[in-house]
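Visitor:
In my numbering, the protein residues as written are 2 to 250.
The following block contains the structure:
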């Protein structure tokens, strides 16, 4: 199988073959996202299990047992929400350090650090006997996510790759942390309206993508400025050359 990468500019086209080694690397890298997605899915179900609540969050378990308790507020507990959100907060913090490590040591050591954090975090979480041990394990898992998320860094030019990697991951994790920490409290207050609230945000994001994000298919990163951003109706005002700046001044 041959892959041809072309450019609309002066960059030369080149051929590359998909080897077994490359395929294995891609599969292993994909498992990082698989583990992350599994963690997101499984943590929601775990927080509703009686055995888990009885062991780590007895106050929530006692509230859940009440026959007339409001279903929307049964799990409104900041420490229970911290169980989920601590991972994303840790990933947010780790992404800044991962940027420096990636720049100084390279991708391979950064991925190795991520693996170590994942292994220790999983061990602590699985063997947790108290809340502190449980949260600490989640924090180490978050460090693994922050260090291991190298894929977004590949979308940035070489001169801004490390900084772009840090910004991409930290923004993602910051908003995920805010949502994870506030969701159960919002559910208690807004009840079924919370689903309309998030649906409205999906509409907003869809409209943003429709009007503000241009098509980039088949365009090399080095050609984005001239071929995509400068002709765009909105972003062209931020894509000024030195001559354009002098004209404005």
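For each residue, glycine too, the CB sits at the ideal point set by N, CA and C.
May I ask you to verify whether the segment 110-118 touches the segment 142-149, counting CB pairs closer than 8 angstroms and requiring at least 3?
Guide: Taking 8 angstroms as the limit for Cβ pairs, the verdict is that the segment 142-149 does touch the segment 110-118.
Visitor: Taking the C-alpha atoms as reference points, what is the distance between residue 123 and residue 137?
Guide: Computed Cα separation, rounded: 10 angstroms.
Visitor: How many angstroms separate the CA atom of residue 228 from the CA atom of residue 108?
Guide: Roughly 30 angstroms separates the two Cα atoms.
Visitor: Cβ atoms of residue 57 and residue 132: under 8 angstroms apart, would you say?
Guide: Yes, Cβ-Cβ distance for residue 132 and residue 57 is below 8 angstroms.
Visitor: Along the chain, where does the alpha helix (DSSP H) containing residue 173 start, and where does it finish?
Guide: Run containing residue 173: 162-191, per the alpha helix (DSSP H) assignment.
Visitor: Counting beta carbon pairs with one atom in the segment 166-183 and one in the segment 79-91, are three or more of them shorter than 8 angstroms?
Guide: The segment 79-91 vs the segment 166-183: in contact.
Visitor: Using alpha carbons as the reference points, say which of 199, 104 and 85 lies closest to residue 161.
Guide: Measuring from the Cα of residue 161, the nearest candidate turns out to be 104.
Visitor: Is residue 99 buried or exposed, if buried means 16 or more other CB atoms sit within 10 Å of its CB?
Guide: Classification of residue 99: buried, given that the 10 Å Cβ count is 16 or more.
Visitor: How is residue 201 classed by DSSP in three states: helix, strand or coil?
Guide: Three-state DSSP puts residue 201 in a helix.
Visitor: Measuring only from the beta carbon, is residue 168 closer than 7 angstroms to any heavy atom that is part of the ligand NAD?
Guide: Summarising the ligand content, the structure contains no ligands, and the ligand NAD is consequently not present.
Visitor: Does the beta-carbon of residue 208 have 16 or more other beta-carbons within 10 angstroms, so that it is buried, or is it exposed?
Guide: Exposed: under 16 other Cβ atoms inside 10 Å.
Visitor: Helix, strand or coil: how does DSSP classify residue 128 here?
Guide: Note: residue 128 maps to coil in three-state DSSP.
Visitor: With the cut-off set at 8 angstroms, would you say residue 182 and residue 113 are in Cβ contact?
Guide: Result no, Cβ atoms of residue 182 and residue 113 do not sit closer than 8 angstroms.
Visitor: Buried or exposed: where does residue 211 fall if 16 or more other Cβ atoms within 10 Å of its Cβ makes it buried?
Guide: Answer is exposed; the Cβ neighbour count stays below 16.
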